[in-house]
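Enquirer:
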Amino acid sequence: MDLCTYHSHCTFCDGKAPAEEFVKAAIEAGFHSYGVSSHSPLPFDTRWSLSKGDVEAYLQEMERLKKQYAGHIELYVGLEIDYLNDGWGPANDYFQRMPLDYRIGSVHLVTNGETGEMMDMDGSFDDFRENFRNVYHDDLKHLVRDYFRSSARMVELGGFDFVAHLDKISMNGSLVEPMLTEQAWYNELLREYLQLIAEKGVMVEVNTKAYTKKGLMFPNVKYFKWLKELNIPVMVNSDAHLPQLVNDNRELAFRLLRDAGVKSTMRLHRGVWEEVPMSEIKN
Ligand SMILES: [Zn+2]
Ligand SMILES: [Zn+2]
1 MDLCTYHSHC TFCDGKAPAE EFVKAAIEAG FHSYGVSSHS PLPFDTRWSL SKGDVEAYLQ
61 EMERLKKQYA GHIELYVGLE IDYLNDGWGP ANDYFQRMPL DYRIGSVHLV TNGETGEMMD
121 MDGSFDDFRE NFRNVYHDDL KHLVRDYFRS SARMVELGGF DFVAHLDKIS MNGSLVEPML
181 TEQAWYNELL REYLQLIAEK GVMVEVNTKA YTKKGLMFPN VKYFKWLKEL NIPVMVNSDA
241 HLPQLVNDNR ELAFRLLRDA GVKSTMRLHR GVWEEVPMSE IKN
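Everything in the sequence shown is counted per UniProt numbering, starting at 1 for the first residue and increasing by one.
1) Any residue with its Cβ nearer than 6 Å to a heavy atom of ligand 1 should be included. What is that list in chain order?
2) Which two residues bound the contiguous alpha helix (DSSP H) that contains Arg-153?
3) At what residue ranges does the stretch 189 to 238 contain a whole run of the alpha helix (DSSP H), taking only runs of 4 or more?
4) Within this structure, are the beta carbons of Met-278 and Pro-233 separated by less than 8 Å?
5) When the Cα atoms are used, what is the spatial distance from Asp-54 to Phe-12?
6) Going straight from the alpha carbon of Thr-46 to that of Leu-84, what length do you get?
7) Quick one: using the 10 Å Cβ neighbour count with 16 as the cut-off for buried, is Gly-35 buried or exposed?
8) Which whole-angstrom value is the C-beta distance of Tyr-102 and Met-121, which I expect to be below 8 Å?
9) Beta carbon of Asp-239: closer than 7 Å to some heavy atom of ligand 2?
10) Let's see if you can read the secondary structure: which residues bound the beta strand (DSSP E) around Arg-103?
11) Which class does Leu-50 belong to by DSSP, given the choice of helix, strand or coil?
12) To the nearest angstrom, how far is it from the Cα of Ala-19 to the Cα of Pro-243?
13) State the Cα-Cα distance for the pair Thr-115 and Arg-250, rounded to the nearest angstrom.
14) For ligand 2, any of its heavy atoms closer than 7 Å to the Cβ of His-72?
15) Tyr-34 bridges to which residues according to DSSP?
16) Count the CB pairs spanning the stretch 132 to 141 and the stretch 82 to 96 that are closer than 8 Å, and state whether there are at least three.
17) Could you tell me how far apart the beta carbons of Phe-224 and Leu-180 are, in whole angstroms, since I believe they sit closer than 8 Å?
18) May I ask you to check if the CB of His-269 is nearer than 7 Å to at least one heavy atom of ligand 2?
19) Using DSSP's beta-bridge definition, name the partner residues of Ser-264.
20) Identify the continuous alpha helix (DSSP H) that holds Asp-127 and give its terminal residues.
21) Does at least one heavy atom of ligand 2 sit under 7 Å from the Cβ of His-9?
22) By alpha-carbon positions, which one of Glu-156, Tyr-211, Leu-216 ends up nearest to Glu-199?
23) Let me know if Phe-44 comes out buried or exposed under the rule of 16 or more other beta-carbons within 10 Å of its beta-carbon.
24) Tell me Thr-111's beta-bridge partners as DSSP assigns them.
25) If you run the structure through DSSP and keep just helix, strand and coil, what is Val-246?
26) Terminal residues of the continuous alpha helix (DSSP H) containing Met-171?
27) Is it true that the CB of Ser-37 sits closer than 8 Å to the CB of Tyr-6?
28) Just how far apart, CA to CA, sit Lys-24 and Gly-30?
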């Protein structure tokens, strides 16, 4: 009865099926609410983001689906907004004026603070390896610092509801340095970032998308206890790019959050974020 997710994609960006297929899958799985969050437009073309010219069609299609499936599921239209720099991110007017139900703050593209060059730290390891060599000359500490500096700046500027996959840098980063998340300097950066998130009062998601293939949740399960300690509001999102994955690994994430002592989760109900005690979560 409390199934929900607010991070998902469809063919408006890099999702593998039309939004309606995801909505049908969510209804089939018994979801209470479902949010579609295409990758936001960027100031340049990519293979994976919504183009500026498609924003209107995206919003209209979501309106159509809301009407069509009213009474079956609560549908929400969001956007996973990339923070690039102070000139492009969730806080900017362009995104603030868009009639969205909620906004996600996300960092995939990191700018080298010394050279100004940008690289995608997400995606395939082969691409990462090449970009990392070109932009950071294999200096992982430098990349990780720039990633968290950029993320912190996004949180300081605000303009969004929750942070996406807050330590996604560890996915490819750990393939370069398997002990990355054991390093004291890494944990200090992550802890500082979580403290800032707590201070600013934004929510975080537990992102379960990569768990089946890579055994990782974001944030890493080992930090769930810090979410609890810092009283950061959490939700669990599947970040599905395929309709059959709308509920993927969510049950496990809830179990692990409970194990870490987290007592509640966040959901949208009638357009407002509300806290739901874990004891009421059935999955
Ligand atoms: Zn993302
Ligand atoms: Zn996503």
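Even glycine gets a Cβ: it sits at the ideal position worked out from N, Cα and C.
Small disclaimer: the values here were computed from a predicted structure and weren't measured.
Expert: The relevant details are as follows:
1) Glu-80, Ser-106, His-108, Ala-164, His-165
2) By one-based count along the sequence shown, residue 153 stands at place 153. Unbroken alpha helix (DSSP H) run through Arg-153: 140 to 157.
3) 211 to 214, 224 to 229
4) Indexing the sequence shown from 1 puts residue 278 at position 278. Indexing the sequence shown from 1 puts residue 233 at position 233. No, the Cβ-Cβ distance between Met-278 and Pro-233 is not below 8 Å.
5) Counting from 1 along the sequence shown, the entry for residue 54 is found at position 54. Counting from 1 along the sequence shown, the entry for residue 12 is found at position 12. For Asp-54 and Phe-12, the distance between alpha carbons rounds to 8 Å.
6) The residue you call residue 46 lines up with position 46 of the sequence shown. The residue you call residue 84 lines up with position 84 of the sequence shown. C-alpha separation (whole angstroms): 14 Å.
7) Walking along the sequence shown from the start, residue 35 turns up at place 35. Gly-35 comes out buried.
8) Locating residue 102 in the sequence shown gives position 102, where the first residue counts as 1. Locating residue 121 in the sequence shown gives position 121, where the first residue counts as 1. In fact, because the Cβ distance is near 24 Å, the residues do not count as touching under 8 Å.
9) Mapped onto the sequence shown, residue 239 falls at position 239. The answer is yes for Asp-239.
10) The sequence position of residue 103 within the sequence shown is 103, counting from 1. Segment 102 to 106, the beta strand (DSSP E) holding Arg-103.
11) Stepping through the sequence shown from its first residue, residue 50 is reached at position 50. Residue state, collapsed to three classes: coil.
12) Taking the sequence shown and counting its residues from 1, one reaches residue 19 at position 19. Taking the sequence shown and counting its residues from 1, one reaches residue 243 at position 243. When rounded, the distance between both Cα atoms is 9 Å.
13) Taking the first residue of the sequence shown as 1, we reach residue 115 at position 115. Taking the first residue of the sequence shown as 1, we reach residue 250 at position 250. Roughly 40 Å separates the two Cα atoms.
14) Mapped onto the sequence shown, residue 72 falls at position 72. Flag unset: Cβ of His-72 not near ligand 2.
15) Taking the sequence shown and counting its residues from 1, one reaches residue 34 at position 34. Paired residues: Thr-5, Leu-75.
16) no
17) Stepping through the sequence shown from its first residue, residue 224 is reached at position 224. Stepping through the sequence shown from its first residue, residue 180 is reached at position 180. With a Cβ gap of about 18 Å, Phe-224 and Leu-180 do not count as contacting.
18) Taking the first residue of the sequence shown as 1, we reach residue 269 at position 269. His-269: no, Cβ never under 7 Å from ligand 2.
19) As a working note, residue 264 is residue 264 in the sequence shown. The partner list for Ser-264 (beta bridge, DSSP) reads Pro-277.
20) Mapped onto the sequence shown, residue 127 falls at position 127. That run of the alpha helix (DSSP H) goes 125 to 136.
21) Sequence index remark: in the sequence shown, residue 9 carries index 9 (1-based). True, at least one ligand heavy atom lies under 7 Å from that Cβ.
22) In the sequence shown, counting from the first residue as 1, residue 199 sits at position 199. Nearest of Glu-156, Tyr-211, Leu-216 to Glu-199, Cα basis: Glu-156.
23) Position 44 of the sequence shown holds residue 44. With fewer than 16 other Cβ atoms within 10 Å, it is exposed.
24) Along the sequence shown, read from residue 1 onward, the residue named residue 111 stands at position 111. Beta-bridge pairing links Thr-111 to Met-118.
25) As a working note, residue 246 is residue 246 in the sequence shown. Three-state DSSP puts Val-246 in coil, outside helix and strand.
26) Taking the first residue of the sequence shown as 1, we reach residue 171 at position 171. Met-171 -> alpha helix (DSSP H) spans 169 to 176.
27) Position 6 of the sequence shown holds residue 6. Position 37 of the sequence shown holds residue 37. Cβ distance < 8 Å, so Tyr-6 and Ser-37 count as in contact.
28) Along the sequence shown, one-based indexing puts residue 24 at 24. Along the sequence shown, one-based indexing puts residue 30 at 30. Distance between the alpha carbons of Lys-24 and Gly-30 is about 10 Å.
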